[in-house]
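> Encoded as structure tokens, here's the structure I'll be asking about.
Residue numbers (the numbering used here): 7 to 259.
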């Protein structure tokens, strides 16, 4: 794909799951890929597999070392690292704080570091792995749902603010994806996500179709568009249906 051929690409949370699939796909399309993950061993394994560069560590501070590793320029940044924090409003303060920091503020910090160069050059691409929870919600996971809404809102704001200045933004919003995060969702994930779960490679394919079509919203599960429309046009009906899922989960939990 011409849009990413020889591009300098950073993928956070790329030691496995969706991040690893994105890193592999960008490398296969001819990009130079920095693989970032908190787990240094997993980052190095994926980087070695694809001929990329491992830059392990916190996704919130990866831009500068990644830029140096790529020879001075980051063309595409995939804000993929995330935490699937479960719980209700009563989740511990540190759980809420981590969800905000990783799922939202890490994206903000990356944009702060990337945008000056992108705006000067008149081009750049920001890819946010959000989740369908950012458009809808997820039962049993208040910190995750709320912060993924924040991640989607920030990606949307970036797009409307900078698209005329050459910055492309994509928000990937899948439902269940067969990853370690899905496995950790427990009975709520079994009920809502696993029946229609897809592979990480399907998410990467959906992103590349979206890049080719210059689309902001990437829906690896097309049915999410219907749910999102219902949520917007008939919120009480949508909430009633979601509450039915909640009651089913409680009855079988």
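Just so you know, even glycine gets a beta-carbon here, dropped at the ideal spot from N, CA and C.
For residue 28 versus residue 109, is the C-beta spacing smaller than 8 angstroms?
Taking the first residue of the chain shown as position 1, residue 28 is located at position 22. Taking the first residue of the chain shown as position 1, residue 109 is located at position 103. Taking 8 angstroms as the Cβ cut-off, residue 28 and residue 109 do not qualify as a contacting pair.
> Can you tell me which of the three DSSP states residue 93 falls into?
Position 87 of the chain shown, counting from 1, holds the residue named residue 93. Residue 93 falls in the strand class under three-state DSSP.
> Just to confirm, is the Cβ distance from residue 63 to residue 42 under 8 angstroms?
Start at 1 with the first residue of the chain shown, and residue 63 comes out as number 57. Start at 1 with the first residue of the chain shown, and residue 42 comes out as number 36. Contact: yes.
> Given a cut-off of 8 angstroms, decide if residue 66 and residue 131 are closer than it, judged by their beta-carbon atoms.
As a first step, residue 131 is located in the chain shown; it is residue number 125 there, counting from the start. As a first step, residue 66 is located in the chain shown; it is residue number 60 there, counting from the start. Going by C-beta atoms, residue 131 is not nearer than 8 angstroms to residue 66.
> Opposite residue 38 in the DSSP bridges: which residues?
Here residue 38 corresponds to residue number 32 of the chain shown, with the count starting at 1. For residue 38, which the question treats as bridged, DSSP gives the partners 14.
> From the DSSP output, in three-state form, read off residue 145 for me.
Sequence index remark: in the chain shown, residue 145 carries index 139 (1-based). Here residue 145 sits in coil by DSSP.
> Considering only DSSP beta bridges, list what residue 83 is partnered with.
Numbered from its first residue, the chain shown carries residue 83 at position 77. BP columns for residue 83 point to 16, 132.
> How far does the alpha helix (DSSP H) with residue 113 in it extend, from its first residue to its last?
Taking the chain shown and counting its residues from 1, the one referred to as residue 113 is at position 107. From DSSP, the alpha helix (DSSP H) with residue 113 extends over 112-127.
> Indicate whether the contact test is met: 3 or more Cβ pairs, each with one atom in the region 226-245 and one in the region 167-186, closer than 8 angstroms.
Output reads yes: the region 167-186 touches the region 226-245.
> Under the rule that 16 or more other beta-carbon atoms within 10 Å means buried, what is residue 99, buried or exposed?
For the purposes of this step, residue 99 is taken as the residue at position 93 of the chain shown. Looking at its Cβ environment, which holds fewer than 16 other Cβ atoms inside 10 Å, residue 99 is exposed.
> In three-state terms, what does DSSP make of residue 61?
Here residue 61 refers to the residue found at position 55 of the chain shown. Residue 61 falls in the coil class under three-state DSSP.
> Applying the criterion that 16 or more other CB atoms from any shown protein chain within 10 Å of the CB defines a buried residue, is residue 124 buried or exposed?
What you label residue 124 is simply residue 118 of the chain shown in a count that begins at 1. So residue 124 ends up on the buried side.
> Less than 7 angstroms between C-beta atoms, sequence neighbours within five positions excluded: which residues of the same chain meet that for residue 104?
Here residue 104 corresponds to residue number 98 of the chain shown, with the count starting at 1. Taken in chain order, the residues that qualify are 89, 91.
> Do the region 139-147 and the region 189-208 make contact, defined as three or more Cβ pairs closer than 8 angstroms?
Short answer: they touch.
> Quick check: what's the CA-CA separation for residue 49 versus residue 57?
As a position in the chain shown, residue 49 is number 43, starting the count at 1. As a position in the chain shown, residue 57 is number 51, starting the count at 1. Whole-angstrom Cα-Cα distance: 12 angstroms.
> Can you give me the C-alpha to C-alpha distance between residue 201 and residue 159, rounded to a whole angstrom?
Taking the first residue of the chain shown as position 1, residue 201 is located at position 195. Taking the first residue of the chain shown as position 1, residue 159 is located at position 153. The straight-line gap from Cα to Cα measures roughly 28 angstroms.
> Got a sec? Which residues, its chain only, sit under 8 angstroms from residue 23 by beta carbon, not counting five neighbours each side?
Taking the chain shown and counting its residues from 1, one reaches residue 23 at position 17. Answer for residue 23: 183, 185, 186, 187, 206, listed in chain order.
> Would you mind stating whether residue 113 and residue 157 have Cβ atoms separated by less than 8 angstroms?
Against the chain shown, residue 113 aligns to sequence position 107. Against the chain shown, residue 157 aligns to sequence position 151. Contact flag set, yes.
> What residue range is occupied by the uninterrupted alpha helix (DSSP H) comprising residue 66?
Residue 66 sits at position 60 when you count from the first residue of the chain shown. Element bounds for residue 66: n/a, residue is neither H nor E.
> Alpha carbon to alpha carbon, what distance is there between residue 253 and residue 222?
Locating residue 222 in the chain shown gives position 216, counting from the first residue. Locating residue 253 in the chain shown gives position 247, counting from the first residue. Straight-line Cα distance between these residues: approximately 34 angstroms.
> Relative to the alpha-carbon of residue 175, which residue among 134, 238, 138, 78 has its alpha-carbon at the smallest distance?
Here residue 175 corresponds to residue number 169 of the chain shown, with the count starting at 1. The candidate whose alpha carbon is nearest that of residue 175 is 134.
> On the CB-based measure, 16 or more other CB atoms within 10 Å of its CB, does residue 155 come out buried or exposed?
As a first step, residue 155 must be located in the chain shown, where it is residue number 149. Buried, because 16 or more other Cβ atoms sit within 10 Å of the Cβ of residue 155.
> Check residue 227 in the structure and name its three-state DSSP category.
Start at 1 with the first residue of the chain shown, and residue 227 comes out as number 221. In the structure shown, residue 227 sits in coil (DSSP, three-state: anything other than H, G, I, E or B).
> Could you pull out every unbroken alpha helix (DSSP H) segment of at least 4 residues lying fully inside the region 154-229, listed in chain order?
Counting only runs of 4 or more, we get 186-189, 192-198, 206-219.
> Hey, could you find the ends of the alpha helix (DSSP H) residue 249 is sitting in?
Stepping through the chain shown from its first residue, residue 249 is reached at position 243. Here the alpha helix (DSSP H) through residue 249 covers 241-258.
> In terms of alpha-carbon separation, which member of 139, 204, 128 lies closest to residue 169?
Translated into the one-based positions of the chain shown, residue 169 becomes position 163. It is 128 whose Cα lies nearest to the Cα of residue 169.
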